[in-house]
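Enquirer:
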Amino acid sequence: MDNNDNISLSSMMNEKEIKNKKISFISAIFIVIGSCIGSGIFLKAGSILSNSWYSLPLAIVTWILSSFAVVCMALSLVEVAKKNTGNLSMIGWVKDLSSRFMYKTCKNFMFYIYIPLAFFFMPIYALQTIQDALASFGFANNFNTSVDWLIWGIIGLAISLWFIFVSGISVKAGNIQNWIITVVKFLPLLIITILGFYVAKVTQPEVLISPDQTKYSYTSFTSLSPGIGFFISFAAIFFSFDGFYYSLGIRTEMKQPKRSPFVLVLGLSIVTIIYLIIAISMTVAYPKSGQFSAFITFLQENKLGWLAGVTNLFIAIGIIGIVNNLAMWSSRLAEELIQNRELPFAHKYIYKLNENKPIIGTIYTAVITIFLCVIFTLIGGLTYLPNSYLDESGKSLYDGIGYFGMARLLGFADLMGNWTSIFAFSYIIVAIIGRLIKRKNDINNSEKFKYFVPCAIISIFLVSSSLILQTIAPFVDLFLLVLKENQQYDIIVSRVMIIVVFVIFLIFMIVPTIFDYDSKYAKKIYKNIAIK
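If you're matching positions, the sequence shown starts at 95 in the working numbering and goes up one per residue.
1) Please work out which residues of its chain come closer than 7 Å, Cβ to Cβ, to V265, disregarding the five sequence neighbours upstream and downstream, and give them in chain order.
2) Could you tell me if T313 is buried or exposed, where buried requires 16 or more neighbouring beta carbons within 10 angstroms of its beta carbon?
3) Nearest-angstrom Cα distance between V293 and V461?
4) Using the rule of at least 16 other Cβ atoms within 10 Å of the residue's Cβ for burial, across every protein chain shown, is V557 buried or exposed?
5) With a CB to CB cut of under 6 Å and the five nearest residues on each side skipped, what residues in its chain are close to V378?
6) Taking all protein chains shown into account, decide if L431 is buried (16 or more other Cβ within 10 angstroms of its Cβ) or exposed.
7) Could you check whether the region 542-560 touches the region 218-238, counting it as contact only if at least three pairs of C-beta atoms, one from each stretch, sit closer than 8 Å?
8) Looking only at C-alpha atoms, which of G361, D584, Y521, F543 sits nearest to L484?
9) What's the C-alpha gap between I263 and V296?
10) I want to see whether chain D comes within less than 7 Å of I598, judged by CB atoms only; does it?
11) Jot down the residue ranges of each uninterrupted alpha helix (DSSP H) in the region 134-192, minimum 4 residues, whole runs only, in chain order.
12) May I ask which residues mark the beginning and end of the alpha helix (DSSP H) holding E395?
13) Here's the rule: buried if 16 or more other CB atoms are within 10 angstroms of the residue's CB, otherwise exposed. What is F609?
14) Just to confirm, are S424 and I209 a CB contact at a threshold of 7 Å?
15) In whole angstroms, give me the CA-to-CA distance for A525 and W187.
16) For a quick check, are the C-beta atoms of I185 and K198 less than 7 Å apart?
17) So, helix, strand or coil for L577, using DSSP?
18) Does the Cβ of P151 have 16 or more other Cβ atoms within 10 Å, making it buried, or fewer, making it exposed?
19) For a quick check, are the C-beta atoms of F338 and C130 less than 7 Å apart?
20) When we look at the beta-carbon of V597 and count the other beta-carbons within 10 Å, is it buried (16 or more) or exposed?
21) Please work out which residues of its chain come closer than 8 Å, Cβ to Cβ, to S363, disregarding the five sequence neighbours upstream and downstream, and give them in chain order.
22) Can you tell me where the alpha helix (DSSP H) with Q225 in it begins and where it stops?
23) Tell me, to the nearest whole angstrom, how far the beta carbon of A641 is from that of I142; I am working on the premise that it is less than 8 Å.
24) Mind checking G496: buried by the 16 CB within 10 Å criterion, or exposed?
Set out below in structure tokens:
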């Protein structure tokens, strides 16, 4: 056998090895499903009912219309995502269809804010749910120390790093983990659905048709009118779909990357159907609360605490699945940004990138995750308010007696995660608007989707209106707080901090973008390279 035969055989083996690593069409759909479904859906039914002033018809209409908007958005993205063939996902859509400034802010937000924040609070929420499971099983759900927050924080960081290095480097490993986790996360969905309709049939609870006028109050934006709550609820439901775009961040790993837009449509449609069934089940079972905790209480009162524990445990695994899928995307996103010379020190590593094993991108992701997770854990566990996670007696639900560290950490995670989905969906709408404007001059009809225009207009109107209301809500809430005397200190601080975080996010998104345009350092390094 001569050298040419050896080279040919080696090449064929490499091609076969690479082909085996590619994600199938069905696996890609499962990634969309696995990236969306966590614990959010179990928490949304209660908030939607509350925002609807406990009017069952209004709550159901909210779910149906918001689901329709999500499907329209998915259909719009068929055309939006068609031309972008890399792993940038929504960042690439904004890059292709909007201004350079908007692209830079999107890149800064997703890589420096969204991704490390998700690796911070997703594992924390998973661990919180495990604590709930332990309590349901009758075990202690804390370590009974003053540093519980630090112990859980270290465990959470270890979970993120596991997936960053395993799924980030090997998409095959990430795909296997996603299949296992997605199958597991269907179990609590099935349990709650059956239980919801069973409770509704047995108890036959009283249902409100008209909004409960006793909900009126000038202490918060949603308490001013059920109409305001109606549109704000749209945003809450949209956010339960957050993460669907991870699947388009691994297009180079797909066997059929050209079909990836249709992966979104099918995946989001399946998730929409699941969410509708779950929401209706939880709403009809407890039309005056819709709270997931009501189901747990029902199980415990009927000596089925073990089932409540199993349900919480499976939900925790489902949340961890989102971390897995984010890890698959983030390392490949980092490598493509390095290739485009968009990250610090890119010029040192640009020729060391490996498409099949994105080790450099994984290291970039791990470094920024470790740095920010350590900072957030210290700030949250030591300084933030614990009030959202205290019982009626003032005891922490997730700490030993006399300790509040974990409650503080969970409250801080809520604070930092408050704006992430708002910005993410805002950039998606920016991309859809950009395509709507540019398609007039696009003479290539093969790139056009027949129903893009009506779907784009519907999704832009419904999503944008809800995002705008969701954005101004904290400012209105703070203003209403000023009008009322003798407000509690913790309420004032929490509402002020939401706005402070919003401003900090904007600064970290915009200031580096402005500096990037005038950077002599960048021009010196890349003087012979056209920065696109």
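For every residue, glycine included, the Cβ atom is placed at its ideal position computed from N, Cα and C.
Expert: Checking against the coordinates, here is how it stands:
1) Once the five neighbours on either side are set aside, the close Cβ partners of V265 are K115, I117, I344, E347, M422.
2) With fewer than 16 other Cβ atoms within 10 Å, it is exposed.
3) When rounded, the separation of the alpha-carbon atoms in V293 and V461 is 48 Å.
4) Buried.
5) Cβ contact annotation for V378 (same chain, cutoff 6 Å, sequence separation greater than five): A294, in chain order.
6) Flag for L431 reads buried.
7) Taking 8 Å as the limit for Cβ pairs, the verdict is that the region 218-238 does not touch the region 542-560.
8) Distances from the alpha-carbon of L484 to those of G361, D584, Y521, F543 put D584 closest.
9) Linking I263 to V296 through their CA atoms gives a straight-line distance of about 50 Å.
10) Absent from the structure is chain D; it holds one protein chain and no more.
11) Scanning the region 134-192 from its first residue to its last, the whole alpha helix (DSSP H) runs of 4-plus residues come out as 134-145, 150-174, 184-191.
12) For E395, the uninterrupted alpha helix (DSSP H) run begins and ends at 386-395, by DSSP.
13) Answer is exposed; the Cβ neighbour count stays below 16.
14) A distance below 7 Å separates the beta carbons of S424 and I209.
15) Spanning the two alpha carbons is a distance of roughly 6 Å.
16) No, they are not a contact pair.
17) In the three-state DSSP reduction, L577 falls in the helix class (H, G or I).
18) So P151 ends up on the exposed side.
19) It is a contact, given that the beta carbons lie within the stated cut-off.
20) Its Cβ having fewer than 16 others within 10 Å, V597 is exposed.
21) For S363, where only same-chain residues beyond five positions count, the Cβ hits under 8 Å are V165, A168.
22) For Q225, the uninterrupted alpha helix (DSSP H) run begins and ends at 209-231, by DSSP.
23) Past the edges of the chain, shown from 95 to 626, lies residue 641, and the structure says nothing about it.
24) Its Cβ having fewer than 16 others within 10 Å, G496 is exposed.
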